[in-house]
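Structure record follows, encoded as structure tokens.
2 protein chains.
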Amino acid sequence: MRVNRRRFLATGLATSLLAYGEHVMSDQKINIGLDPTDLTKQAIPTPALLVDLDAFESNVKTMAEHCRKSGRGFRPHAKTHKCPEIAKRQMAAGALGICAATVPEAEALVAAGITGVLLTSPIIETSKIARMIALIQQGKSVMLSVGHPREVELLAEAASTAGVDVDLLVDVDIGDRRTGILPGQPALELAQLIAKHKRLCVRGVQSYAGHASHVVGFEAREKTSREAMGKSVETRHLLNKAGFDAGILSGGSTGTYNIDSTIDGVTELQVGSYVFMDIDYRRIGGKTSGENYSDFQHSLTVLATVVNATHPDRVSVDAGTKALDTTTNWKPEAKGWPGLTYNRGGDEFGILTLEPGAKLPRIGDRIEFIVPHCDPNVNLYDRIYATRGDKVEAIWPIAARRG
Amino acid sequence: MRVNRRRFLATGLATSLLAYGEHVMSDQKINIGLDPTDLTKQAIPTPALLVDLDAFESNVKTMAEHCRKSGRGFRPHAKTHKCPEIAKRQMAAGALGICAATVPEAEALVAAGITGVLLTSPIIETSKIARMIALIQQGKSVMLSVGHPREVELLAEAASTAGVDVDLLVDVDIGDRRTGILPGQPALELAQLIAKHKRLCVRGVQSYAGHASHVVGFEAREKTSREAMGKSVETRHLLNKAGFDAGILSGGSTGTYNIDSTIDGVTELQVGSYVFMDIDYRRIGGKTSGENYSDFQHSLTVLATVVNATHPDRVSVDAGTKALDTTTNWKPEAKGWPGLTYNRGGDEFGILTLEPGAKLPRIGDRIEFIVPHCDPNVNLYDRIYATRGDKVEAIWPIAARRG
């Protein structure tokens, strides 16, 4: 959503002290205490989540071009951004659709007009199955993944009751050990179970090799991903040999996009993090770029303010565990502040300490941090400030966070 | 907010498949895909945040009675729950007011009619200062804490421009090293700087001894907290000797409530976690209860569903790092499932593994987890299901999360 001067003025909430406004953002009112029409990065209330549009647009383009040149489709994963505005830009770049990890994500994407939504996670609650079926009843273009006979039974019952046809991918566990059925015969039997229900249709196979995506070193990663995805390719062949029309093999990640796109039988990539990048991905190393994986640029940061400078060896910023995800082993990095180390300072604060010779920020200084892991960090916020240089071009709701 | 059958029926969104409804919750629409009027715990969409009302009400009462008997006030901290409905219940139990860690928290509390709101964190952004001043201009009862001369300058300017009087506590750093000014002379000098501005008024002192709250073992904790709070008591005396009317010394935590309430000069407790409890607090040990701190009951859980059971040694639940905070060293505990261990399974999933002889849950089973650390876990959710036994009595918005 572009900020809108008329809407701001219409609220008439100026105080004697400051231009002070509310503007409606999607379905919620956001009060950032500032005129949103001329917002600069310097004035964004902290802690805040920022996306640098130049870097973001470059990432969107790079992945789209890679897939086009490789003759593969891509269905980027919204679990990374939970943001329909970003999904729209991925679709405009040529995506086949968008993946969702949760039913609320799928609903938010569909509500934003996204087609080709694929729910990649298993659902076993009847109310969630009903919500997905309701989307199909409304004529929306969605697919589901199944990895267990119980899911098939529940879906078949719901689809039959509602009188709708449901397209399914067989979720195959190729070593991730989190979701999906085992490859080969067990997957074929699940497909055969699906085929017994006339309202359900096998469209292909899905696999996520989470154990491959973050392997450090390109060669080691390539070996792991080829072994894993090979099981999925074989399973797809097995299904097709048995008479299924398994047209889709959806898989891959930001870490393996240029590996999986060379594997025969992989039809589309479920890449997510590439739009933002993070420290967790940077350290895996690139095909040609050495230790730092630099195929995509860091577009995502958390902006924080120095709010305490009592001690000579440290300052506090207003971004703690509620604002900066620290569930990985990596620390947030202060952009443009060499020699500063971010340390956890509880839920509300981060503590910045110094390497010898480094310069300590002053109270009121504003610091951008590159995040260790993009997905759970985005999940901490309800909106993302889309910036270009010093200008805030838009404020995008992270609409699929809720539900 | 109590769920309301009339409102549900008015939406008229029943589908052929399921009673399917939307109901308005605060300023946002929540679609949980179910009739919310007769909701049972069994039907809550997962992952979900739950508060057990019997345990919660017992905790609220226990703390209130302790403070009454000790002759101390209490101003519970909303950073724990970010939930105006909970704040209202703390006020009804006799709280002097409610503490807030952020400006959006303060705004949400004030909007809910809470009086005596104390912002315990430093703010240095002019837009945030303006938002707090705007609350005072509207006649709301709020106080701020300051720990640096720069905060005083900015507040003085804003208060003077707006023509309002602002009550302040001097935030004293008694060993936490995150916020506040050093005790003794530096704190006195800050008070004297405040006194130069006629719109600003020193009302007392605030301290948070975060380094004391989680000390394991009651005696060691008592020693740490007495040493720390002693500095704050001395500072308050120093201010009063210098002619200030420092009526308030606000501090303490759930871990030190029964220590700080015996220290002369401490006037009120800023307890937070006691309403929910968590594993991080349980392990600190109690005054009389041995290794497990059992003064307060575990009222907070995350409800999850088993969504994968492909392997004989593990199952996956639909609660990963986006749903269960794992930033502490402790693991979520599966209630009523002895011998199960929760392991991180990425952002979307948790992996439950088995101790020898333990029983693995089946697909579709629903499991409640006691959370390792309540504050950042609540921060992952927009609503909390308030349950009594198997019944959902209310759905409370975590309204102060946003902003």
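Protein chains in written order, with the working numbering: chain A, 4 to 406; chain B, 4 to 406. C-beta: ideal position from N, C-alpha, C; glycine also.
- Using a Cβ-Cβ cut-off of less than 8 Å, give me the residues of the region 122-135 of chain A that come near chain B, in sequence order. S124, P125, I126, I127, E128, T129, S130, K131, A133 and R134
- Task: Check whether the Cβ of S319 of chain B lies closer than 8 Å to any Cβ atom in chain A.
- Result: Taking the first residue of the second sequence as position 1, residue 319 of chain B is located at position 316. Yes, S319 of chain B lies at the interface with chain A (some Cβ there is under 8 Å from its Cβ).
- Which whole-angstrom value is the C-beta distance of G213 of chain A and L252 of chain A, which I expect to be below 8 Å? In the first sequence, residue 213 of chain A corresponds to position 210, counting from 1. In the first sequence, residue 252 of chain A corresponds to position 249, counting from 1. Rounded, the Cβ-Cβ distance is 17 Å, inconsistent with contact.
- Query: Rounded to whole angstroms, how far is the Cβ of R92 of chain B from the Cβ of V54 of chain B, which I believe are closer than 8 Å?
  - Reply: Counting from one through the second sequence, the residue named residue 92 of chain B turns up at place 89. Counting from one through the second sequence, the residue named residue 54 of chain B turns up at place 51. No, R92 of chain B and V54 of chain B are not in contact; Cβ-Cβ is about 11 Å, not under 8 Å.
- Report yes if the CB atom of M232 of chain B is closer than 8 Å to the CB atom of V173 of chain B, and no otherwise. If you number the second sequence from 1, residue 232 of chain B lands on position 229. If you number the second sequence from 1, residue 173 of chain B lands on position 170. Cβ distance not < 8 Å, so M232 of chain B and V173 of chain B don't count as in contact.
- Along chain A, which residues have their Cβ under 9 Å away from the Cβ of F352 of chain B? For the purposes of this step, residue 352 of chain B is taken as residue 349 along the second sequence, with counting starting at 1. Going along chain A in sequence order, the residues near F352 of chain B (Cβ under 9 Å) are S124, R181 and T182.
- Rounded separation between D316 of chain A and E222 of chain A - CA only: Residue 316 of chain A sits at position 313 when you count from the first residue of the first sequence. Residue 222 of chain A sits at position 219 when you count from the first residue of the first sequence. Roughly 42 Å between the two C-alpha positions.
- Boundaries (first-last residue) of the beta strand (DSSP E) holding G233 of chain A: Along the first sequence, read from residue 1 onward, the residue named residue 233 of chain A stands at position 230. Run containing G233 of chain A: none in the beta strand (DSSP E); it sits in the alpha helix (DSSP H), F221 to K244.
- Quick one: list the residues of chain A neighbouring R153 of chain B, beta-carbon separation under 8 Å, in chain order. Here residue 153 of chain B refers to the residue found at position 150 when the second sequence is read from its first residue. Those within 8 Å of R153 of chain B in chain A are I366 and G367.
- Short-range partners of chain B found in the region 298-322 of chain A, where Cβ spacing is below 8 Å: T308, V309, V310, N311, A312, T313, H314, R317, S319 and D321
- With 8 Å set as the bound, which would you pick, yes or no: does the beta-carbon of C102 of chain A sit closer than that to a beta-carbon of chain B? Here the question's residue 102 of chain A lines up with position 99 in the first sequence. False, the Cβ-Cβ gap to chain B never drops below 8 Å.
- Spatial neighbours of I33 of chain A in its chain, beta-carbon cut-off 6 Å, leaving aside the 5 residues before and after: Within the first sequence, the letter at position 30 stands for residue 33 of chain A. Annotation note: pLDDT 48 at I33 of chain A (below 50); position unreliable, no value reported.
- For the 8 Å Cβ check, are there 3 or more pairs between the region 109-118 of chain B and the region 136-144 of chain B? yes
- Span of the alpha helix (DSSP H), counted from its first residue to its last, around F59 of chain B: Translated into the one-based positions of the second sequence, residue 59 of chain B becomes position 56. First-last of the alpha helix (DSSP H) with F59 of chain B: L56 to S73.
- Message: Check whether the region 159-169 of chain B and the region 238-245 of chain B are in contact - that is, three or more C-beta pairs closer than 8 Å.
- Response: no
- Query: Got a sec, what are the start and stop residues for the beta strand (DSSP E) K91 of chain A sits in?
  - Reply: Within the first sequence, numbered from 1, the residue matching residue 91 of chain A stands at position 88. Segment P87 to A95 is the alpha helix (DSSP H) holding K91 of chain A; no beta strand (DSSP E) there.
- Message: In the DSSP output, what is D170 of chain B paired with across the bridge?
- Response: The residue labelled residue 170 of chain B in the question sits at position 167 within the second sequence. The partner list for D170 of chain B (beta bridge, DSSP) reads B:M146 and B:C204.
- Message: Run through chain A and tell me which residues come within less than 7 Å of N332 of chain B, C-beta to C-beta.
- Response: Walking along the second sequence from the start, residue 332 of chain B turns up at place 329. Neighbours of N332 of chain B on chain A: none; closest Cβ ~12 Å, over 7 Å.
- Can you grab the Cα-Cα spacing for the pair M407 of chain B / E68 of chain A, in whole Å? Residue 407 of chain B lies beyond the range of chain B shown here (4 to 406); nothing can be said about it.
- Message: Once the 5 residues before and after Q209 of chain A are set aside, which same chain residues still bring their CB inside 6 Å of it?
- Response: Position 206 of the first sequence, counted from the start, is the residue given in the question as residue 209 of chain A. So the list reads S148, L172, D174 and S253, once near-sequence residues are dropped.
- Message: Comparing C-alpha positions only, which one of A:Y260, A:Y384 and A:D385 sits nearest to G74 of chain A?
- Response: Residue 74 of chain A sits at position 71 when you count from the first residue of the first sequence. The candidate whose alpha carbon is nearest that of G74 of chain A is A:Y260.
- Task: Would you identify the three-state DSSP class for P400 of chain A, choosing helix, strand or coil?
- Result: Against the first sequence, residue 400 of chain A aligns to sequence position 397. DSSP places P400 of chain A in strand when its eight states are reduced to three.
- Message: Taking its Cβ as the centre, do 16 or more other Cβ atoms sit within 10 Å of Q141 of chain B, making it buried, or is it exposed?
- Response: For the purposes of this step, residue 141 of chain B is taken as the residue at position 138 of the second sequence. Classification for Q141 of chain B: exposed.
- Item | Collapsed DSSP secondary structure at V395 of chain B in the structure displayed | Sequence index remark: in the second sequence, residue 395 of chain B carries index 392 (1-based). Reduced to three states, the DSSP call for V395 of chain B is strand.
- Query: Exposed or buried, which one is G116 of chain A when buried takes at least 16 other CB atoms within 10 Å?
  - Reply: Stepping through the first sequence from its first residue, residue 116 of chain A is reached at position 113. Exposed, by the Cβ-count rule.
- Query: Could you give the C-beta distance for I177 of chain B and H151 of chain B, rounded to a whole number, given that I count them as a contact under 8 Å?
  - Reply: What you label residue 177 of chain B is simply residue 174 of the second sequence in a count that begins at 1. What you label residue 151 of chain B is simply residue 148 of the second sequence in a count that begins at 1. About 16 Å separates the two Cβ atoms, so there is no contact after all.
- Quick one: which chain A residues come within Cβ less than 7 Å of A194 of chain B? Counting from one through the second sequence, the residue named residue 194 of chain B turns up at place 191. Ordered by position in chain A, no residue passes the 7 Å Cβ test against A194 of chain B, which lies about 15 Å from the chain.
- Task: Using a Cβ cut-off of 8 Å (strictly closer), state whether T382 of chain A contacts chain B.
- Result: Residue numbering aside, residue 382 of chain A sits at position 379 when the first sequence is read from its first letter. In the sequence as presented, Thr is not what sits at residue 382 of chain A; that position holds Asn. Output row for N382 of chain A: interface = yes.
- For D168 of chain B, does the count of other Cβ atoms within 10 angstroms reach 16, so buried, or fall short, so exposed? Against the second sequence, residue 168 of chain B aligns to sequence position 165. D168 of chain B is exposed by the Cβ-count criterion.
- Query: Quick one: what does DSSP say H84 of chain A is sitting in, helix, strand or coil?
  - Reply: The residue given as residue 84 of chain A occupies position 81 in the first sequence. Of the three classes helix, strand and coil, the one that applies to H84 of chain A here is coil, per DSSP.
- How would you label Q1 of chain B, buried or exposed, when you count the other beta carbons within 10 angstroms and need 16 or more for buried? There is simply no residue 1 of chain B to check, as chain B begins at 4 and stops at 406 in what is shown.
- Message: Considering only DSSP beta bridges, list what T304 of chain B is partnered with.
- Response: Your numbering for residue 304 of chain B matches position 301 in the second sequence. Note: T304 of chain B sits in a beta bridge opposite B:L53 and B:I373.
- Query: Is there a Cβ from chain B that is less than 8 Å from the Cβ of T324 of chain A?
  - Reply: What you label residue 324 of chain A is simply residue 321 of the first sequence in a count that begins at 1. It does: the Cβ of T324 of chain A has a partner Cβ on chain B nearer than 8 Å.
- For G323 of chain B, collect the residues of the same chain with a Cβ closer than 8 Å to its Cβ; drop the 5 residues on either side in sequence, then sort them by chain order. In the second sequence, the residue the question calls residue 323 of chain B occupies position 320. Cβ neighbours of G323 of chain B beyond the five flanking positions: R347, G348, G349, D350, E351, F352 and G353.
- Message: Between T227 of chain A and chain B, is any beta-carbon pair separated by less than 8 Å?
- Response: The residue given as residue 227 of chain A occupies position 224 in the first sequence. No - not a single Cβ of chain B is within 8 Å of the one on T227 of chain A.
- Item | chain B residues whose Cβ lies nearer than 8 Å to that of T49 of chain A | The count along the first sequence starts at 1 and reaches residue 49 of chain A at position 46. In chain order: E128.
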